[in-house]
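Okay, structure first, notes after.
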Amino acid sequence: MTFLNSEKRPTGSAMLPVGFFISTLCLVLVAAGCNPDSDAREVTFDRGPFLENTVQSVILPAYSDYSSQCQALRNASEQCTAGQIDEQDIVSLRGFLRLTYLSWQHAALFDFGPAADRALYLTTNTYPTDTSEIVAEISNENWTPGLPATLNSIGLPAMDYLLNHASAGEIADLMNSEPARFAHFQRLIDFLAEESSAVLYAWEHDFKARFVSSTGTEEGSSIGMLLNAFNEVYEQGIRKQKLGLPNGIMTFSETPQPHLVEAPFSETWSVELMHEALIGCENLYFGDRMQGDSQQIGIDDYLKSLGDFEYGIGLHNEISGQLSTAKAAVLSMQDPLGQYVVENQSATYDVFAELQSLVVLWKVDMMSSLGVLITYQDNDND
């Protein structure tokens, strides 16, 4: 097998963004259509303990923390007295919302099983949010969250708008003068708290055992679902949506779209959320929060078990190094990210190039090494 990472990847794509994107995308698409190239390798890795650790050390902690953060935000909102909300209440709610946003970056990676059954990914963080729909729904007593028609006006993005679109004092005045506005905020967080709790319950009481017992790599296996969900969320939700669309590199016009950044109304969270999402990817890859410096079994151990070859330990070393490079690149940007992508577009192209390198390493090289078929389709023709 010839690996796509055998040549040094470009790290400065500002001068040729379209050429870099198209050539890399074509390589990914060609490789994605091939059968997994693992037939010549003897796999001795015990996938059972890997799946067990992934659940216990990564997935359940991610869902548990996210559910707890949703409940903490819910409790904070219930401590506010309708009609008597002050500036400090809004500041406090903003702090809880930020923590919920950060926690979601970890849970978002597991968009399969119970999460997919409840469309958790779509109902939690579909953005950009439609502010006109949010305003219209405030007075709708028959509002029902989770329906397809509400996806653009619910979840974390809707709460970002309600809490952050003006100063804390102005938001407090609005919620006091329009009690339905604060009531709608509470409806939004009630829905998130209930959905996150339901997904966590499903994992703990049924799906965990089924997940751990499916140790194959065929389509529909636990490893297949896990790695496909991970790759799709990284490729489409992190690389593309958090940066590739806002900075314009993944649009035909290549024009920055500052309104497409995540949590735009906060003005200070977007870069932090992107970095936290990479930490979530890192935790899944290493099987813990220690970057491999523990006995926990992760994807890194799976690759290393293939031996001291380009597709085994060599690939692991490149992934580990590129993760560090990508995180540093993201932190080189500044909030408000919407303003930054306009004023420093070429610099964000370089950051995108580092994120793109991980797509090739994970989606092409890693999936081929592990013999896992890519089962999702991308939609990069935006």
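Counting from 217, one number per residue, gives the positions in the sequence shown under this note's numbering. Idealized CB from N, CA, C, for every residue including glycine. Note that the structure is predicted; figures quoted are calculated from it, not measured.
- Apart from sequence neighbours up to five positions away, the residues of its chain that approach R310 with a beta-carbon distance below 6 Å are L379, ordered along the chain.
- Going by C-alpha positions, T541 is about 31 Å away from C286.
- Minimum Cα-Cα distance from Q593 among the listed residues Q561, R397, Q452 corresponds to Q452.
- An exposed status is given to G436, since fewer than 16 other beta-carbon atoms sit within 10 Å of its beta-carbon.
- Ranked by how close their Cα comes to the Cα of G496, the residues G264, T270, Q555 have T270 in first place.
- Secondary structure of L363 (DSSP, three-state): coil.
- By the Cβ-count criterion, A425 is exposed, with fewer than 16 other Cβ atoms from all chains shown falling within 10 Å of its own Cβ.
- Per DSSP, the continuous alpha helix (DSSP H) segment holding D376 begins and ends at 371 to 380.
- For M466, there is no enclosing alpha helix (DSSP H), as DSSP gives it neither H nor E.
- For G528, the CB contacts under 8 Å within the same chain, skipping 5 residues up- and downstream, are L519, K520, S521, L522, S585 in chain order.
- Distance from the CA of S273 to the CA of I465, rounded to the nearest whole angstrom, comes to 36 Å.
- The beta carbon of L494 lies closer than 8 Å to those of I454, L539, A542, K543, V546 in the same chain, with the five residues before and after it left out.
- By the neighbour-count criterion, in which 16 or more other beta carbons inside 10 Å mark a residue as buried, D376 falls on the buried side.
- Rounded to whole angstroms, A414 and L338 show a C-alpha spacing of 15 Å.
- Of the candidates I405, D422, D333, S383, S383 places its Cα closest to the Cα of E303.
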